[in-house]
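Enquirer:
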Amino acid sequence: ESYDQLYAATVFCGIGAHLGSARSQNAQGHILGHVRDTGASSKNPETRIYQTAERQSFHTDSADIVGLLCLQDAREGGESLLVSAVSIYNRMMSERPDLLERLFDPIATDRRGEVPAGAKPYMEIPVFNWHAGHLTVFYQRQYIESAQRFKGAMRLSDAHIEALDMLDNLANDPDMHVRMRLQRGDLQFVYNHSQLHDRTDFVDWPEPERRRHLMRLWLSPMGDRELPDCFTQRYGSIEIGDRGGIITDSTVLKAPID
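Throughout, the numbering used here is defined as the position within the sequence shown, counted from one, plus 1368.
#1: Would you report the Cα separation of ASP1405 and ARG1580, rounded to the nearest angstrom?
#2: Which of helix, strand or coil does DSSP assign to MET1461?
#3: Kindly indicate the opening and closing residues of the beta strand (DSSP E) around ASN1497.
#4: Answer yes if the stretch 1586-1596 comes into contact with the stretch 1403-1421, meaning at least three C-beta pairs across the two stretches below 8 Å, and no otherwise.
#5: Using only CA atoms, which one of GLY1609, THR1600, TRP1586, CYS1598 lies nearest to GLY1397?
#6: Which residue marks the beginning of the beta strand (DSSP E) containing CYS1438, and which one marks its end?
#7: With burial defined as no fewer than 16 other Cβ atoms inside 10 Å of the residue's Cβ, what is the status of GLN1551: buried or exposed?
#8: Where does SER1389 fall in DSSP's three states?
#9: If you measure between the beta carbons of ASN1497 and CYS1598, is that distance less than 8 Å?
#10: Starting from SER1409, follow the beta strand (DSSP E) in both directions and report where the run begins and ends.
#11: Evaluate ASN1412 with the Cβ neighbour count: other Cβ atoms within 10 Å of its Cβ, from every protein chain shown; 16 or more gives buried, anything less gives exposed.
#12: Comparing alpha-carbon positions, which option in GLN1510, PRO1542, THR1428 lies nearest SER1410?
#13: Comparing C-alpha positions only, which one of PHE1380, GLN1393, ARG1480 sits nearest to LEU1555?
#14: Using the DSSP secondary-structure output, state which residues sit across from HIS1502 in a beta bridge.
#15: Does DSSP put VAL1483 in a helix, a strand or coil?
#16: How many angstroms separate the CA atom of ALA1539 from the CA atom of SER1425?
#17: When DSSP labels each residue in this structure, what does GLU1469 get in the three-state scheme?
#18: Return the first residue and the last residue of the alpha helix (DSSP H) that ALA1531 is part of.
#19: Indicate the three-state DSSP secondary structure (helix, strand or coil) for GLU1414 in the structure shown.
#20: Buried or exposed: PHE1472, going by 16 or more other Cβ atoms within 10 Å of its Cβ?
#21: Measuring straight from C-alpha to C-alpha, what distance separates ALA1311 and PRO1484?
#22: Report back the beta-carbon spacing between GLU1492 and ALA1395 to the nearest angstrom; my notes put them in contact at under 8 Å.
#23: In angstroms, rounded to a whole number, what distance separates the CA positions of VAL1434 and ASN1537?
#24: Which of helix, strand or coil does DSSP assign to ALA1476?
#25: Have a look at the DSSP bridge pairing and note the partners of TRP1573.
#26: Check whether the stretch 1438-1450 and the stretch 1563-1578 touch, using three or more Cβ-Cβ pairs below 8 Å as the test.
This is the structure in structure tokens:
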């Protein structure tokens, strides 16, 4: 509480720099992101859910690590949830291996209008990938569903939908995930390749200066695991220590303080 926003951003980015290189989080090139309700509508297929106060649902981000620094907490809600992708995989393998197999298909995921030069407006990356001895997860259910608006996207079969529903149901099982409420000054770092994260919906304070606000970093550390080639669709490069993020023709890297 004794730090102003510039000082907090400097400390946060400094900690992040010890973990990995900062990556662009949107087409505008923000390497320091801001998670808050901007009044955007999730019904707009180009809105990203972190710009709203709505439930996000379990997902992964487009970087090796996502970091959060809480500047202001919401009046109600906005809790953070984490679940192990390996735990979900093991449960599905034990209970419905037929559905698990469908999650290794190249399922289309919407880019939500942030499209690199020469790329399709969607990616086709399996939810689960085995590569170099590691299980890697890539998932955002809302964006999978909105990708169905594109003519060339792989169509979801009934089995795909049942498999995605089972994944969501397992992730939302209180016995499977951990829940926490980030308060002012709290830091959280999540490894996207083995964990899915979520945020519950929230009600903000009426005063603008008290509204929920978190700073965010996407990071690419040295010495990380190898990723399968299909991740080049989202990461641009899969070179360890220099991968991830969102880059388009108009992207210029910047770190806005507010």
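Glycine included, C-beta positions come from ideal geometry on N, C-alpha and C.
Because the structure is a prediction, the values reported are computed rather than measured.
Expert: By the coordinates alone:
#1: When rounded, the distance between both Cα atoms is 8 Å.
#2: Reduced to three states, the DSSP call for MET1461 is helix.
#3: Unbroken beta strand (DSSP E) run through ASN1497: 1496-1499.
#4: Segments in contact, no.
#5: Minimum Cα distance to GLY1397 is reached at TRP1586.
#6: Note, CYS1438: beta strand (DSSP E), 1433-1440.
#7: Residue burial is scored here from C-beta neighbours: GLN1551 has fewer than 16 other C-beta atoms within 10 angstroms and is therefore classed as exposed.
#8: DSSP places SER1389 in strand when its eight states are reduced to three.
#9: Yes; because the gap between Cβ atoms is below 8 Å, this pair is in contact.
#10: Neither: SER1409 is in no beta strand (DSSP E) and is coded neither H nor E.
#11: Burial state of ASN1412 is exposed, judged by a 10 Å Cβ sphere holding fewer than 16 other Cβ atoms.
#12: Of the listed residues, the one whose Cα sits closest to SER1410 is GLN1510.
#13: The shortest C-alpha separation from LEU1555 is found at PHE1380.
#14: HIS1499.
#15: Three-state result, VAL1483: coil.
#16: Straight-line spacing of the CA atoms in ALA1539 and SER1425 works out to 9 Å.
#17: Reduced to three states, the DSSP call for GLU1469 is helix.
#18: Taken as a continuous stretch (DSSP letters only), the alpha helix (DSSP H) holding ALA1531 covers 1526-1539.
#19: Note: GLU1414 maps to coil in three-state DSSP.
#20: By the 10 Å Cβ count, PHE1472 comes out exposed.
#21: With the chain represented from 1369 up to 1626, any question about residue 1311 goes unanswered, as that position is not in the structure.
#22: At roughly 20 Å, the Cβ-Cβ gap does not stay under 8 Å, so GLU1492 and ALA1395 are not in contact.
#23: If you take the alpha carbons of VAL1434 and ASN1537, they lie about 24 Å apart.
#24: Under the three-state reduction of DSSP, ALA1476 is assigned to strand.
#25: According to DSSP, TRP1573 bridges with nothing at all.
#26: The stretch 1438-1450 vs the stretch 1563-1578: in contact.
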